[in-house]
Amino acid sequence: MVFDESHPLFAGKAKGVQAVLEERGLWTHYSQKARKAGKTSLNLRCKTCTASNVAKDLLKKSEQLIKEAEANGFSLSHDTSIKEALATHPVPPDCEIDLVQVASQTNEPLITQEACCWSKILSLQSDFATERPLLQSIIEDAGHICLFLPKFHCELNPIELFWSYIKTEYRKESHRHKSFASAKELFERISVYEQGYNGPQSEILMKKYKSHRCIPRQAAMRIDIITS
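Written out as structure tokens, the structure is:
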């Protein structure tokens, strides 16, 4: 939403929260309502809304971690997922949030209709709640489906999605075809190539140290003598 080109001061510039609410008569209405309630003025965003947004982000991240764990054949509790979400998305120091209460919730916090701050009042407006991005509007108005992908690239995205699907399905089935004993052999082979040995050297080292879990670092000088 921008000012009209005929505006004397802000022609073509984006409107702020106050300008939008003043056009709808909401700024004066809620300012008078706040003064009658003994409040000086409403803040742009109150602590309650900030804490609610942080809680919703944590719950979304928690659900994502649980789904990723289930896709890989693991089980992750709700409390543990909240702790892992906090490790990657720490709570801002000025945000007052009850982590125990968040951990006890299994869905998004209840969205109240209380006009506690200007951001809340603006978010409750019907046109803001149902607003679509311009690109999405153009595509859908033309009769197509608009799908926003992590990286908007017409060629790579389908390839990445397909490759991600293959890897996910393989992880679900791989434990049925390989035992843990055969998986342990891979650690030895990985340690060989991590240390920079080539194919013939790796065969010699794996045969010589077959009772070891990985190839020792001291094997470097010995293999040079053997293959020299």
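Numbering (our numbering), first residue to last: 1 to 228.
We put the CB at the ideal spot given by N, CA and C, even for glycine.
Using the C-alpha atoms, what's the distance from residue j back to residue i?
| i | j | result |
| --- | --- | --- |
| D69 | S202 | Position check: residue 69 holds Ala in this sequence, whereas Asp was assumed. Distance between the alpha carbons of A69 and S202 is about 34 Å. |
| L147 | P158 | 12 Å |
| E84 | K60 | 12 Å |
| K67 | M206 | 38 Å |
| N53 | S182 | 47 Å |
| L110 | A51 | For L110, the pLDDT reaches just 46, beneath the cut-off of 50, and the residue's location in the model is therefore unreliable, although a value from the coordinates is still provided. Going from the Cα of L110 to the Cα of A51 covers about 12 Å. |
| T48 | K15 | 25 Å |
| S75 | S191 | 29 Å |
| K39 | K33 | 9 Å |
| R171 | S62 | 21 Å |
| Q136 | Q64 | 25 Å |
For residue i, which option in the options has the closest C-alpha, if you only look at C-alpha atoms?
| i | options | result |
| --- | --- | --- |
| S41 | T48, S31, K47, T50 | S31 |
| G12 | V2, A19, Q136, V20 | V2 |
| A87 | L58, I138, S75, S77 | L58 |
| L122 | R45, R35, P200 | R45 |
| R24 | Q136, K184, Q125 | Q125 |
| L26 | K39, T168, P133, A115 | A115 |
| R189 | E173, K172, Q18, K208 | K208 |
| Q18 | T130, K33, W118 | W118 |
| A244 | R35, V91, T28, N43 | The first residue shown for the chain is 1 and the last is 228, placing residue 244 beyond what the model contains. |
Is it right to say residue i is buried, meaning 16 or more other beta carbons lie within 10 angstroms of its own, or is it exposed?
| i | result |
| --- | --- |
| L186 | exposed |
| Y197 | buried |
| L21 | buried |
What residue does the alpha helix (DSSP H) around residue i start on, and which one ends it?
| i | result |
| --- | --- |
| D64 | This sequence places Gln at residue 64; Asp is not what is there. Start and end: 47 to 71. |
| Y30 | 26 to 36 |
| G199 | 199 to 208 |
| T80 | 78 to 88 |
| K184 | 180 to 194 |
| E23 | 17 to 23 |
| D4 | Element bounds for D4: n/a, residue is neither H nor E. |
| I121 | 118 to 123 |
Inter-stretch contact at 8 Å, needing at least 3 Cβ pairs: the stretch 72 to 82 / the stretch 7 to 26: A contact is defined here as three or more CB-CB pairs under 8 Å, and the stretch 72 to 82 fails this definition with respect to the stretch 7 to 26.
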